[in-house]
Amino acid sequence: TVGAVAIDADGNIAAGTSTGGLTGKLPGRVGDTPGIGHGVFADNDSVGVSGTGVGESFMKVGVARRVSYLVEKTGLSPNDAITETLDYMAQRVGGDGGVIAIDGAGNLGIGWNSNQMSWAYGRNGELHYGVNRGE
Amino acid sequence: LMPTILVHGGAGDIDEDMVIRKFNGTKAAVRQGYQVLMDGGSVMDAVMETIKVLEDNPAFNAGKGAALTQPGHIETDASIMRGSDLAAGSVASVSGIRNPIVAARKVLEQTPHVQLAGDSASNWAVDQGCETEDEDYFITLHQYEYWLQWLADHNMTKSTSGEYKTMNQIETMDKWKNQKS
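Residue numbers (the numbering used here), protein chains in the order written: chain L, 1 to 135; chain D, 1001 to 1181.
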C-alpha cells in the first residue's frame, strides 16, 4: 500500500491511499484503503491521514477517523494520536500497520506498530526519509 | 505554513533488497509531489501525482507491483479526500486501470458518489479516459513469487477448472459433481 498527505501554505490538506491488497485475497475483497475514515481521511480543521497495514483491522477500528478525532477533540499531536490509535487497534482486534498524518498547523505524524514502514517527506526544500525506527 | 508532502510506501517486514528500492521510490514520489506544490499546484494535484509515481513503481504494492488474488489476478483499490470541503472519491476491486488514484479522483470530481466498485468501476474509469494496461503489466516477479509461496503455505493446488483451491475444497467439489440426484 502507498499513500500521501499534502498541506499547502493556506492550510489546505488532501490525502490519498492506493493498494493492491493482500496476497491470496479472495476476489472482491475490499480492505480499508477505499474506506473513507478507515484508510484515508482529510479535514482542514483536523488532519489528513493515510494508512497501511491489515485492512480488516483498520476497518474495525476506523483508524483514519480515530486519528483525526484524537487530534481535533483531545489536542493530541498527530504522532501521539497515531500511536494511541495503533495501540488501541492492536489491543482490541490485533493487526499491524502504519499511519502518516499532517494536522492543520503543519505538524507531521509518522508511526507504525509493524517492524518497518517506508516513509518520506519534503518540506522547506529538504527531503527526509526512513524505514526503521529512529531514522 | 510550509507546503509539505508526506508519503508512505507500506508497512510490514521489508526485505533487505527492497529497502533501497523503497528509499529511492519514496524519495522520487516526494520530489514529484513537492514540485507540484512549489509550482502552485493544489494539494489534490500533489497527492495524486505523488501516488501515481508510487503506483508506477514495481517496488510498491499498488498499481504495477500489486498483490495477486487467490486465483492469481490483480484487483486494486484507491481513495482520495479533500480537506477543504470533505469531498471524497474511491474505487474498489478495479482491474486494468494503470493508476487507480486517478480513477478515485474522477469519482470525487465527476459523480455524486463516494465509491465505485468492481467491473462497473473499471469500465466507468475507462470511459472517463483512465489509462489502462493488460494484467501482465501489473504482475511483477516479486509478487508472483509471494503468491506461489502463499499457495504452497495454504496447501492450494489447481483444480480441473483452472482455479486454485485447497485439496479439501477440490474433494468436496468432486463429491458434489458426482452426485446424481
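Just so it is clear, CB atoms sit at the ideal spot from N, CA and C, and this is done for glycine as well.
Residue i, buried or exposed, once every other Cβ within 10 Å from all chains shown has been counted against 16
i	result
residue 38 of chain L	buried
residue 102 of chain L	buried
residue 1181 of chain D	Bear in mind that a pLDDT of 43 at residue 1181 of chain D, under 50, signals an unreliable position, so the number given afterwards is only what the model happens to contain. That one is exposed.
residue 1001 of chain D	exposed
residue 32 of chain L	buried
residue 1048 of chain D	buried
residue 1061 of chain D	buried
residue 109 of chain L	buried
residue 1110 of chain D	exposed
residue 27 of chain L	exposed
Enclosing beta strand (DSSP E) for residue i [first to last residue]
i	result
residue 41 of chain L	40 to 42
residue 1077 of chain D	1076 to 1082
residue 110 of chain L	108 to 112
residue 1116 of chain D	1115 to 1117
residue 50 of chain L	47 to 53
residue 1087 of chain D	1087 to 1094
Residues that residue i bridges to, as DSSP identifies them
i	result
residue 13 of chain L	L/7
residue 1033 of chain D	Answer by DSSP bridge pairing: none, since residue 1033 of chain D is not bridged.
Helix, strand or coil at residue i [DSSP, three-state]
i	result
residue 96 of chain L	coil
residue 80 of chain L	helix
residue 125 of chain L	coil
residue 1008 of chain D	strand
residue 1043 of chain D	helix
residue 30 of chain L	coil
residue 22 of chain L	coil
residue 1069 of chain D	strand
Unbroken alpha helix (DSSP H) run spanning residue i, endpoints
i	result
residue 1104 of chain D	1100 to 1110
Could you list the residues in the region 109 to 134 of chain L with a C-beta less than 8 Å from some C-beta on chain D, going in chain order? 110, 112, 114, 115, 116, 117, 118, 119, 120, 121, 122, 123, 124, 127, 129 and 131
What are the residues of the region 7 to 19 of chain L that lie near chain D, defined by any Cβ-Cβ distance shorter than 8 Å? 7, 8, 9, 10, 11, 12, 13, 14, 15, 16, 17, 18 and 19
Proximal residues, the region 37 to 67 of chain L versus chain D, C-beta separation under 7 Å: 39, 40, 41, 42, 43, 44, 48, 50, 52 and 53
Select from the region 1061 to 1079 of chain D all residues with a C-beta closer than 8 Å to any C-beta belonging to chain L, and list them in chain order. 1061, 1062, 1063, 1065, 1066, 1067, 1068, 1069, 1070, 1071, 1073, 1074, 1075, 1076, 1077, 1078 and 1079
Output, in sequence order along the chain, the residues in the region 1140 to 1154 of chain D whose CB is closer than 9 Å to any CB in chain L. 1143, 1146, 1147, 1149, 1150, 1151, 1153 and 1154
For the region 1039 to 1051 of chain D, which residues have a beta carbon sitting closer than 8 Å to at least one beta carbon of chain L? 1042, 1043, 1044, 1046, 1047, 1048, 1050 and 1051
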